[in-house]
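Per UniProt numbering: the sequence shown = residues 1 to 144.
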Amino acid sequence: MTPSTFIAFFHDVLNAYNKMCEPILHEFDIPQVSFDILMFLNNNPELCTAQQISEFRKIKKNLVSVHVDKLVTAGYLQRGSVTGDRRKVLLSCTEKAQPILKAGLEMQQNFNQKLTRNIPEEQIHVYKEIIDSMAVNACQMLNE
1 MTPSTFIAFF
11 HDVLNAYNKM
21 CEPILHEFDI
31 PQVSFDILMF
41 LNNNPELCTA
51 QQISEFRKIK
61 KNLVSVHVDK
71 LVTAGYLQRG
81 SVTGDRRKVL
91 LSCTEKAQPI
101 LKAGLEMQQN
111 FNQKLTRNIP
121 EEQIHVYKEI
131 IDSMAVNACQ
141 MLNE
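Shown next as structure tokens:
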């Protein structure tokens with residue numbers, strides 16, 4: 001696979017994911033970045049600060065900040081403090097966010113099923129190992 005084919009593949013996968021998100025975005029009238037933040041917090045409860053969202057989701061810090069403020073104002077997120085470190089703000093989804101999260105989890109499961117349709121389980125396992133190794137290699141390249 002050439003680098004351009006590889007990049008095009010990941011671009012297509014991201015576009016397909018975003019397309020599958022559209023009905024949820026319209027139903028709940030939220031932008032993609034806000035949805036991505038909610039889903040990230042739901043799927044990664046141990047990574048619950050704006051800095052972690054920015055770092056792991058590769059969303060610019062100012063964009064995360066703007067969307068977090070909007071989500072808090074809308075009642076979908078709440079801020080919490082850390083004892084002993086008042087600079088650190090923990091984010092968590094509220095009860096009001098649960099319908100969005102439920103729809104999002106169903107969509108993610110459906111996306112995964114469609115993306116891996118007709119691929120034997122043993123090949124999916126190998127693919128996951130390869131992607132994990134490539135992710136480590138990419139991080140090493142970024143830090144060189």
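Note that beta-carbon positions come from the ideal geometry of N, C-alpha and C, so glycine has one too. Keep in mind it's a predicted model, so treat the numbers as computed, not measured.
Name the two residues that bound the continuous beta strand (DSSP E) containing residue i.
i, result
"D85", "85-93"
"R57", "R57 -> not in any beta strand (DSSP E); alpha helix (DSSP H) instead, spanning 50-57."
"L41", "Not the beta strand (DSSP E): L41 falls in the alpha helix (DSSP H), residues 32-43."
Note down, in chain order, each residue of its chain lying with its Cβ closer than 8 angstroms to the Cβ of residue i, except the 5 sequence neighbours on either side.
i, result
"E27", "A103"
"V72", "Q78, R79"
Between which residues of its own chain and residue i is the CB-CB distance below 6 angstroms, once the five residues before and five after are set aside?
i, result
"K96", "G75, Y76"
"H67", "V33, S34, I37"
"V64", "A50, I53, S54"
Check each candidate in the options and name the one with the smallest Cα separation from residue i.
i, options, result
"C93", "L47, H11, M20", "L47"
"K114", "P3, A8, K19, S4", "K19"
"A16", "K70, N110, I53", "N110"
"K70", "Q108, E129, L91, E22", "L91"
"I24", "I100, K60, K88", "I100"
By the three-class DSSP mapping on this structure, what secondary structure does residue i have?
i, result
"G80", "strand"
"I119", "coil"
"L142", "helix"
"E46", "coil"
"D29", "coil"
From what residue to what residue does the alpha helix (DSSP H) around residue i run?
i, result
"M1", "Run containing M1: none; DSSP gives neither H nor E here."
"N62", "61-74"
Exposed or buried, which one is residue i when buried takes at least 16 other CB atoms within 10 Å?
i, result
"A138", "exposed"
"F56", "exposed"
"A50", "buried"
"M39", "buried"
"I30", "buried"
"L105", "exposed"
"V41", "The question names Val, but residue 41 in the sequence shown is Leu. By the 10 Å Cβ count, L41 comes out buried."
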